[in-house]
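One line per chain: the protein sequences are A and B, in this order.
Here the first sequence stands for residues 0 to 93, where the numbers follow numbering that gives the first Met the number 0.
Here the second sequence stands for residues 0 to 202, where the numbers follow numbering that gives the first Met the number 0.
I have placed the structure first, in the form of structure tokens, so that the comments after it can refer back to it.
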Amino acid sequence: MEQEKHHIVPYKTYVIILLTLVVLTIISVAVTSIELGALTVTIALLLASVKSVLVLTYFMHLKFDQKIFAIMVIGIFAIIIIVILITFLDYYYR
Amino acid sequence: MDHSATHIHRDDTASKIGMWLFIFTEMLLFVGLFLVYSVYRFKNAEAFHLAAEELSVPIGTLNTIILLISSMTAAMSITAIQKGNKKLTLILIGSTLILAFVFLVNKYFEWGGKIEHGLYPGSPYLQELGHGDTLFFGLYFFMTGLHAFHIIVGMIVLGFVYHRVSTERVHSTDYVFLENGALYRHLVDLIWIFLFPLFYLIT
């Protein structure tokens, strides 16, 4: 039977990721408190996307697990983006 | 064969794939709700703008940070169990549970405050405010409520994990149950990462 190798993530990595996530949260709160119009939405969602990538890669171990999980997640996000895009195009050009 | 009698079949990869597939269905559920929110916001921009200002950014930020910390302790518990440190694993899972509970307590006060001000689905005050506000608070209560429900489910799952770790049914060579519990916990985090800016920040 093949022996699966498990990568043990050091505690420090998680602390660094947490601090990054908290800093990104504070940045998004600060940025959205300034009136920037449509740009506010873009920046807030961009920062949220960066945060979710960090959670997926490190907290959810996509970086350390077998590649199959990452491929599946990328696939499902592709579907999500397509669904969102089509809905928005539909509403925007009505 | 003596060997096959004692050999218990275990496939950690398959069980994790199962967990991920379940997580995908949860993601799609919330994506659907985000779409509903976005379309209604697009159609009622002014009302959503004013209604969103009713939400408290400091409480939202505090809850975000609480949720992020509890996500970290859940992730750390996997490192602890891989290293065979049972005590630390239990402490970390315990902290995740406590922080999740603190999040819910905050949510309780937040919802309580809204309801006290007459902002709850079907309230006479909301009906006075009009269509846009009704939609905003309807979605606010439904989406944060569904998210809070997921936190409660996550707590129950991690409660089982805690029990299995303490009875050593989950240990340093068989911990996929903990991994799957933690994955569910992180899903709750992912959802909140998008809920928070959409409801609290974009005003």
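Ideal Cβ placement from N, Cα and C applies to all residues, glycine included.
On a predicted model such as this, the values are computed, not experimentally measured, just so you know.
- Taking the Cα positions, L44 of chain A is about 12 Å away from F33 of chain B.
- Check the Cα spacing between A13 of chain B and each of B:N179, B:S165, B:N43 and B:G83: the tightest is with B:N179.
- Within the segment 75 to 93 of chain A, the residues whose Cβ lies closer than 9 Å to some Cβ of chain B are I75, F76, I78, I79, V82, I83, T86, F87, Y90 and Y91, listed in chain order.
- Under a 10 Å Cβ-count criterion, D132 of chain B is classified as buried, with 16 or more other Cβ atoms of the shown protein chains found around its own Cβ.
- Exclusion of the five residues before and after G158 of chain B leaves L96 as the residues of its chain whose Cβ lies within less than 8 Å of its Cβ.
- Per DSSP, K82 of chain B lies in no alpha helix (DSSP H) and is assigned neither H nor E.
- Interface residue (Cβ-Cβ distance to chain B less than 8 Å): T31 of chain A is classified as such.
- Across the segment 190 to 201 of chain B, CB contacts with chain A closer than 7 Å involve I192, F193, P196, L200 and I201, in sequence order along the chain.
- Here L20 of chain B is exposed: its Cβ has fewer than 16 other Cβ atoms, across all protein chains shown, within 10 Å.
- In the three-state scheme derived from DSSP, where H, G and I count as helix and E and B as strand, H185 of chain B is classed as helix.
- Taking the Cα positions, L194 of chain B is about 18 Å away from A37 of chain A.
- The way I'd put it, the segment 141 to 161 of chain B doesn't touch the segment 52 to 65 of chain B; fewer than three beta-carbon pairs between them come closer than 8 Å.
- Beta-bridge partners assigned by DSSP to H170 of chain B: B:D173.
- In terms of beta-carbon proximity, L17 of chain A lines the interface with chain B, with at least one pair separated by less than 8 Å.
- Contact between A181 of chain B and A74 of chain B holds: their C-beta atoms lie close to 6 Å from each other, under 8 Å.
- Non-local C-beta neighbours of R40 of chain B in its own chain, meaning closer than 7 Å and more than five positions away in sequence, comprise F47, ordered along the chain.
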